[in-house]
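Quick note, the sequence shown lines up with residues 0 to 60 if you use numbering that gives the first Met the number 0. First up is the structure itself, then whatever we jot down about it.
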Amino acid sequence: MQITRSWREQRVMLKNRFSVLNDADFEFEDGQKESMMDKLSVKLKKTRSELELLFAELQTY
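Shown next as structure tokens:
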């Protein structure tokens, strides 16, 4: 059974894990999620693949 966490839960978990993140880092308009992901990638110094793995990992907690 795979549990899917809400975006809100994922955001809180990431902010707890990475103190450099804040609410503004997760804001995006409809259709602009890719831009937000690119900004997170730069801020966390992670590749896009690493960031996608991180989000996938959050689903398993």
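We treat Cβ as the ideally placed atom computed from N, Cα and C, and that holds for glycine. Note that the coordinates shown come from a computational prediction; the quantities given were computed from them, not determined experimentally.
Tell me whether residue i sits in a helix, a strand or coil according to DSSP, three-state version.
i	result
methionine 0	For methionine 0, the pLDDT reaches just 40, beneath the cut-off of 50, and the residue's location in the model is therefore unreliable, although a value from the coordinates is still provided. DSSP places methionine 0 in coil when its eight states are reduced to three.
asparagine 15	helix
glutamine 58	coil
glutamate 28	coil
lysine 45	coil
Rounded to whole angstroms, how far is the Cβ of residue i from the Cβ of residue j, which I believe are closer than 8 Å?
i	j	result
leucine 20	lysine 42	7 Å
phenylalanine 25	methionine 36	That belief does not hold up - the Cβ atoms of phenylalanine 25 and methionine 36 are roughly 10 Å apart, past 8 Å.
Comparing C-alpha positions only, which one of the options sits nearest to residue i?
i	options	result
lysine 32	Glu8, Glu51, Met12	Glu51
phenylalanine 27	Lys38, Gln58, Ser18	Lys38
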